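Visitor:
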Amino acid sequence: MNAVPLQGPGGRGPSRRQLLAGTSSILGAAILTGHGPAAAHATAALPAAPIPDGAHVAALVIGTGYGGSVAALRLARAGVDVHMIEMGMSWDTAGPDGRIFANTTRPDHRSFWLRTRTKQPLSGFLGFPLDKDVPRYTGILDAEEFGGITVYQGRGVGGGSLVNGGMAVTPRRENFPAVLPSVDADEMYDVYYPRANAALGVGVVDQGWWESAACYQYARVGRKHAERSGFPFVMVPGVYDWDYLEQEAAGTVPASALAGEVLFGNNHGKKSLPKTYLARAAATGRVFVSPLHKVTSVAPAGGGAYTVVMEQLNTGGDVTAVKAVTADKVFFAAGSVGTGKLLTRLKATGVLPGLNGEIGRGWGDNGNVMCGRANHMWDPTGTLQASMPTAGIDNWRAGGAFAEVAPLPTGIETYASFYLSITRNPHRAAFSWDAAAGKVVLDWQTSWKQPSIDAARTIFDRINAKEGTIYRTDLFGAYKIWGDHLTYHPLGGAVLNRATDNYGRLHGHPGLYVIDGSLIPGNTSVNPFVTITALAERNIEKIIATDL
Ligand code: FAE
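When we follow our numbering, the leftmost residue of the sequence shown carries the number 151, and every step to the right adds one.
1) Is Pro671 near Val645, with beta carbons less than 9 Å apart?
2) Assuming Ala484 and Ile212 form a contact by the criterion Cβ under 8 Å, report the distance between their Cβ atoms to the nearest whole angstrom.
3) Keeping to the same chain, check which residues put their C-beta closer than 7 Å to that of Ala451; ignore five residues upstream and five downstream.
4) What is the DSSP secondary structure of Ala695, reduced to helix, strand or coil?
5) Taking a contact to mean a Cβ-Cβ separation below 9 Å, would you say Ala587 touches Leu570 in this structure?
6) Once the 5 residues before and after Gly310 are set aside, which same chain residues still bring their CB inside 8 Å of it?
7) To the nearest angstrom, report how far apart Thr254 and Pro424 are at their CA atoms.
8) How many angstroms separate the CA atom of Thr681 from the CA atom of Gly532?
9) Rounded to a whole number of angstroms, what is the C-alpha to C-alpha distance between Trp359 and Val664?
10) How should Asp391 be labelled, buried or exposed, when 16 other C-beta atoms within 10 angstroms of its C-beta is the threshold for buried?
11) Pull up the distance between the alpha-carbon of Ala686 and that of Leu698, whole angstroms please.
12) Looking at the ligand FAE, does it come within less than 8 Å of Met338, judged from the CB to the closest heavy atom?
13) Of the residues Leu592, Thr683 and Thr650, which one's Cα is nearest the Cα of Asp666?
14) Based on DSSP bridge pairs, tell me the residues matched to Phe568.
15) Could you give the uninterrupted runs of the alpha helix (DSSP H) lying entirely in the stretch 345-379, keeping only those of 4 residues or more?
16) With a Cβ-Cβ cutoff of 9 Å, do Val389 and Ala318 count as a contact?
17) Since Ala606 contacts Val519 with CB under 8 Å, what's their CB separation in whole angstroms?
18) Going by the C-beta, is Tyr663 closer than 8 Å to any heavy atom of the ligand FAE?
19) Report all residues from its chain with a CB closer than 6 Å to the CB of Ala252; omit the five preceding and five following residues, and keep chain order.
20) Can you tell me whether Met385 sits near the ligand FAE, meaning its C-beta is under 8 Å from at least one heavy atom of the ligand?
21) Does DSSP classify Ser668 as helix, strand or coil?
22) For Gly549, which three-state DSSP category applies?
23) Out of Asn647, Leu656 and Ala541, state which residue places its alpha-carbon closest to the alpha-carbon of Lys374.
24) Thinking Asp231 and Ala199 are a contact (beta carbons under 8 Å), I'd like their distance in whole angstroms, please.
25) In chain order, which continuous runs of the beta strand (DSSP E) of length 3 or greater are located wholly inside the stretch 422-452?
26) So does the stretch 495-504 actually touch the stretch 649-665, counting three or more Cβ pairs closer than 8 Å?
27) Leaving out five residues before and five after Arg688 in sequence, what residues of the same chain have Cβ atoms less than 6 Å from its Cβ?
28) In the DSSP assignment, the alpha helix (DSSP H) including Ala477 goes from what residue to what residue?
29) What separation, rounded to the nearest whole angstrom, lies between the Cα atoms of Ile631 and Tyr621?
30) For Ser174 and Glu461, I'd like the C-alpha separation in whole angstroms.
31) Jot down the residue ranges of each uninterrupted beta strand (DSSP E) in the stretch 233-316, minimum 3 residues, whole runs only, in chain order.
32) Sorry if obvious, but does the Cβ on Tyr302 come closer than 8 Å to a heavy atom of the ligand FAE?
33) Does the Cβ of Lys444 lie closer than 8 Å to at least one heavy atom of the ligand SAM?
34) Kindly identify the DSSP beta-bridge partner or partners of Gln600.
35) Smallest Cα separation from Lys473: which of Thr608, Val448 and Lys589?
36) What is the C-beta distance between Ala196 and Ala566, in whole angstroms, given that I count them as a contact (C-beta under 8 Å)?
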């Protein structure tokens, strides 16, 4: 079987050689770095300093997710002053309950971006609807609705790193040419993936502990079912502090992953960007951030500089000020949707007329599709489930699907196995400007998820047949098997070497760069943030060497 070779009881996990032999490049880059979680514990907080109207900055970064954080750190270390503009909050202050972030099972005003009713990825459970009314607030998770798909995104300083599952996966090298066809794979696997993994603090859970931890029973059940049907099962690195997780399980520290925290933020344990890249950026003394500021325009200002217009928001989402600043260089790091929408509108309305016809195109959902399986009574998945996934079923080569074994941290025994599959889906959508409606639309069609469902079925139909089990039909609506209405992994919209040159420089406007997930043409074959980070490391190195 192709599972990661496992250490015997009481061991401290598989050796480096075992991991590399067992999982090939999925884990290789993370392990080869020789750096690990220790590199990730810088502590300085990025100073929140609302930018004054009329300011002039050397480099302005729109967005504080992976791409933006890499840009800010590397520019600052090269001696460039940076101001980051972030539409979400800084998430550094505890609420009335003493916690910064709300729990996954108890959403409140902090949980959703400017909604009065939650929009949970799973709409129901055992026939009970999960959504509820909440006060409108600039919360942490945006469920942004387009015609055919809901796109979940993190909002706040740290972007998607605040809400994601922390799965830090380097694609198998054989898949890389399809992920980023114009990028030298040797460079990425020798230099930039190791650099990204080290800086993100990527590490693997201790296999010996995992084998008996109650909170990973759901993953071991996932492994048993995968292996009994002949599928390769792989352990996957992550950015959770695995030592902290063991202490949570021992009851010696406050619980976070074991309290089910993930979708609305982790109060402890997760090495999100404010604890890694952004802490190191803050330590340079050259990087400042304006939270609750949303960029609405970037226009040529003469002399090679740009005028950046932004709205300052209050926590109710009202505009309290409009500011215009000048920047010598502007980095679009607002995420695939944020950057894709902004550039599409600026091109269509003639504000940035030099942008080419590739703007807004090449958008994909990373083939995301979810499903649950109902297990037999003799296969309980556990009342306690760590919210940080650690493993997946890798059927990419044979069936075009990589299925993460995901938790259902409900606190009760559900006898359910739950999966988020990343699949090879050929469909690509485009953003366009709807002048009548005054907004950017996306032409993704719900039916385009069918290839993803077919790919996921190559795994789960076979497992169900072997185990004599069935799909859950209560998670995504009444009698609905597939979570095919959403993505967690938007990619594309300003694709590398098409909308930009091969390093993210936007065509037609020198001094404008794209440095986030919008550069990647729709699919990474695994979870995307390590690839977004590594590509940003590659591009910013070139830009600093040649443009600054
Ligand atoms: P991103 O992190 O989204 O950052 C963009 C930032 O720009 C955000 O903070 C926005 O608020 C901000 N912004 C947008 N528009 C504007 C504007 N006009 N003005 C100012 N600021 C703006 O972009 N990926 C994995 O690899 N592993 C996982 O386990 C995983 N789990 C996930 C779970 C969930 C629930 C979600 C939603 C995502 C998950 N992802 C995961 C995806 C991952 O977080 C995502 O690919 C990256 O965060 C994208 O990075 P970017 O730098 O492109």
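Beta carbons: idealized from backbone N, C-alpha and C, even for Gly.
Quantities reported herein were computed from a predicted structural model and do not represent experimental measurements.
Guide: Put simply:
1) yes
2) Confirmed, Cβ separation roughly 5 Å.
3) Thr457 and Thr476
4) helix
5) no
6) Gly215, Tyr216, Gln303, Gly304, Gly485 and Phe679
7) If you draw a straight line from the Cα of Thr254 to the Cα of Pro424, it is about 20 Å long.
8) 32 Å
9) 41 Å
10) buried
11) Counting only the Cα atoms, Leu698 lies some 16 Å from Ala686.
12) no
13) Thr683
14) Gly522 and Ala556, per the DSSP bridge assignment.
15) 357-362 and 367-378
16) yes
17) 5 Å
18) no
19) The answer, listed in chain order, is Asp258, Arg260, Ser261 and Phe414.
20) Checking the Cβ of Met385 against the ligand FAE gives no.
21) Correct three-state label for Ser668: helix.
22) helix
23) Ala541
24) 12 Å between Cβ atoms; not a contact.
25) 437-440 and 443-452
26) yes
27) Tyr342
28) Run containing Ala477: none in the alpha helix (DSSP H); it sits in the beta strand (DSSP E), Val469 to Phe482.
29) 6 Å
30) At Ser174 the pLDDT is 32, less than 50, meaning the model places this residue with poor confidence and gives no usable figure here.
31) 291-295 and 300-304
32) yes
33) This structure lacks the ligand SAM; the ligands present are the ligand FAE.
34) For Gln600, which the question treats as bridged, DSSP gives no partner whatsoever.
35) Of Thr608, Val448 and Lys589, the residue nearest in Cα terms is Val448.
36) Note on identity: in this sequence residue 196 is Leu, with Ala being the wrong assignment. Contact flag wrong, Cβ pair sits at about 39 Å.
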